[in-house]
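The opening residue of the sequence shown carries number 2 in the numbering used here; numbering runs sequentially from there. In this text, a Cβ means the ideal position worked out from N, Cα and C, and glycines have one as well. In what follows, a structure is listed as structure tokens, so that the remarks can point back to it.
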Amino acid sequence: MLTLYDYLPSQNGWKVRQLLAHLDLPYRTESISLFEGEGRSGAFLAISPTGTVPAIRLDDGRTLAESNAILAFLADGSEWLPSDRFGRAKVLQWLSFEQERVESTIGALRHWSLTGKLARRAADLVAVKRSTALGALALLDAELATRDFIAGDAYSIADISIFAYASRADEAGFALADYPAFGRWLERVRAQPGHLARTWPYSIDPHATRELPAPTQRAGAGMVHAAPQRA
Ligand SMILES: N[C@@H](CCC(=O)N[C@@H](CS)C(=O)NCC(=O)O)C(=O)O
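Here's what the structure looks like:
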């Protein structure tokens with residue numbers, strides 16, 4: 002059975018939970034206690050090189066990390082990833098946008114806001130993340146005024162991925178009412194059969210107010226992992 006390495010308050014984890022629910026695929030969950038440093042254990046770094054969740058282990062022992070790579074892998078051959086070359090590339094376009102403009106900005110600001118860390122962050126860092134997030138929300142609003150779903154006419158893993166953090170932008174201090182077409186898309190996604198409404202607050206984790214452990218220098222790798230921003 003597939004194993005999902007997860008942290009329940011994680012919306013990156015939600016993306017994979019949502020697709021697994023659509024696919025009706027059985028899986029077991031292994032929870033990683035991120036704020037107690039479990040993500041930095043040698044055993045977990047062998048599964049997820051950045052020490053982040055989600056990650057999966059297949060029946061044959063192979064492992065895969067990065068939420069959007071996992072979505073693309075699991076959705077292959079399903080209605081949630083187009084089979085034509087251009088349609089797939091369009092989905093990948095929006096998955097890349099999600100990582101650069103949504104997850105790394107709204108995701109980080111939400112984590113800091115909900116766990117009391119925002120006041121400890123440098124004002125210029127917060128300002129850059131806020132302005133990038135505002136740009137992303139405005140862009141999504143303009144794009145979604147022209148079609149029903151982000152990568153075309155059909156709901157896909159690109160919608161799942163962007164929905165994960167964009168739908169929670171209010172928890173990062175953004176006014177969703179400012180983006181009406183985006184708001185209508187949120188409702189279209191919520192109306193999908195099998196939509197996974199269940200999420201978990203950070204308050205289920207007594208350690209969530211801690212900072213994540215310092216980035217690790219892996220022996221022989223010659224590089225330091227980027228400072229963690231999201232949980
Ligand atoms: N780009 C990664 C980001 C994953 C990520 O940042 N996950 C958070 C939980 S939402 C995490 O594991 N944080 C722990 C850390 O940064 O050490 C993805 O999309 O999977």
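Check: Closest residue to residue 105 among 32, 124, 188, 131 (Cα-Cα distance); Outcome: 131
Check: Rounded straight-line distance, which links the Cα of residue 33 to that of residue 42; Outcome: 10 Å
Check: Buried versus exposed call for residue 234 [16 or more other C-beta atoms within 10 Å across all chains shown]; Outcome: Nothing can be reported for residue 234, as the shown portion of the chain is limited to 2 through 232.
Check: Residue 104 Cβ short of 7 Å to ligand 1 heavy atom set; Outcome: yes
Check: Nearest-angstrom beta carbon gap, residue 180 and residue 107 [assumed within contact, 8 Å]; Outcome: Contact flag wrong, Cβ pair sits at about 12 Å.
Check: Chain-order list of residues whose beta-carbon lies under 6 Å from that of residue 49 (same chain, five-residue window excluded); Outcome: 56, 66
Check: Same chain, Cβ closer than 7 Å to residue 224, neighbours up to 5 away in sequence not counted; Outcome: Here the model assigns residue 224 a pLDDT of 43, short of 50, so the residue's position is not dependable, and the following value carries that caveat. So no residue of the chain qualifies.
Check: CA nearest to the CA of residue 211, picked from 23, 120, 116; Outcome: 116
Check: Which residues DSSP lists as bridging residue 29, in chain order; Outcome: 4
Check: Environment of residue 129 [buried if 16+ CB atoms lie within 10 Å]; Outcome: exposed
Check: Expected contact under 8 Å - CB spacing of residue 183 and residue 142 to nearest Å; Outcome: 4 Å
Check: Straight-line gap, residue 135 to residue 173 (C-alpha atoms, nearest Å); Outcome: 11 Å
Check: Option nearest residue 197 by Cα separation, candidates 203, 205, 188; Outcome: 188
Check: Meets three-Cβ-pair contact criterion under 8 Å: the stretch 86-94 and the stretch 145-165; Outcome: yes
Check: Option nearest residue 170 by Cα separation, candidates 145, 103, 205; Outcome: 103
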